[in-house]
Amino acid sequence: MNPALAPPSLLRRGLLCAALLLALAGCKRDPAPADAGSPAEPPVAATSPTAPEAETTELKDVIETTDRYIVGISYPPSANQYTGLAKVLGDYAAAARAELMEAVEAFGNDRPTAPYELSLAFEQVVNTPQIVAIAADGSRYTGGAHGQPLIARFVWLPQQDKRLTAAELVPEAEGWKAISDYVREQLHTAVATRADEDELTPAERAELVRNSARMIDGGTEPTAGNFSEFVPVLDAAGRISALRFVFPPYQVGPYADGTQTVVVPASVLLPHIAPEYAGLFAR
């Protein structure tokens, strides 16, 4: 009620109550200080919010079939041994699947004449306390004569909890020059041997060697990117005695030649390995 409209009796009664409350407040004594000997009230500890648990990735095999696409992805049990490695593998598989689904969705409500397909298998190559290596091989089909090869290799260092990349392993350009020279020699020799075995005519042999040399030299330019897929070869003591570099179709040869590999021994590698990783190699 607006005080200006209140009856006089009510207004006077309200003023008296207010005056009485002010008087009582003025007479109230300050509380006596706490006894020195009495224990003080323990302060209430501030509670901090619980930190969120680290996100984990558990890899599981995937089999999915529709009239528009087919997806098959498989993992070895060791893929879940290390959380960081599982995330790296899962991210690779997710990216491969995303590209497949992008092609599928481009059809809108239509469907491809044959189901698009993603086939990807992860396999354990090495598993020691110092080094774990996983190979990924498969293909993604989105039309055409054949699928796109999916070739990847993952080297994990459990004690450092990190993936070992080619660029970290061999940090200097001269190292890649030495590796490139060795790999090129092996690949050129393999082409010449195959030409001899196929008993080609001199003209056919010359054409094969010429075309192969162009692809080999282009795919083995001395950069870390051209040698990004590799797995270690271990000796009986668990040391790296060589690295097996993997080249997918089209990198150093035509699609018909498939995936090609070259094993480079530790004797070629060691002068160029970063010091922090030299201890992993046999001498």
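Numbered according to mature numbering (1 follows the signal peptide of the UniProt record, and there is no 0), the sequence shown spans residues -18 to -1, 1 to 265.
For each residue, glycine too, the CB sits at the ideal point set by N, CA and C.
Asked                                                                                                           : Found
Cross-strand partners of THR47 (DSSP beta bridge)                                                               : ILE52
Residue nearest to ALA78 in terms of C-alpha spacing, selected from THR110, THR124, ASP92 and PRO111            : THR124
Same chain, Cβ closer than 6 Å to ALA264, neighbours up to 5 away in sequence not counted                       : ASP217, ARG221, SER223 and ALA248
With 16 other Cβ atoms within 10 Å as the buried cut-off, status of PRO214                                      : buried
For GLU226: DSSP bridge partner residues                                                                        : The question names Glu, but residue 226 is Arg in the sequence shown. Answer is VAL213 and VAL245.
Start-end ranges of the beta strand (DSSP E) lying completely within the segment 141 to 217, minimum 3 residues : 212 to 216
Distance, GLY66 Cα to ASP143 Cα                                                                                 : 7 Å
Contact belief for ARG50 with VAL86 at Cβ below 8 Å, rounded distance in angstroms                              : 5 Å
Sub-8 Å separation of THR202 and SER162 beta-carbons                                                            : yes
Span separating the alpha-carbon of MET83 from that of GLN242                                                   : 29 Å
Cβ neighbour criterion (16 or more within 10 Å) applied to PRO257                                               : exposed
Of the listed residues ASP239, ALA188 and GLY54, nearest to ARG122 (C-alpha basis)                              : GLY54
Burial state of GLY207, where buried means 16 or more other Cβ atoms lie within 10 Å                            : exposed
Cα-Cα separation between TYR259 and PRO97, rounded to whole angstroms                                           : 45 Å
Local Cβ density within 10 Å of GLN141, reported as buried at 16 or more and exposed below that                 : exposed
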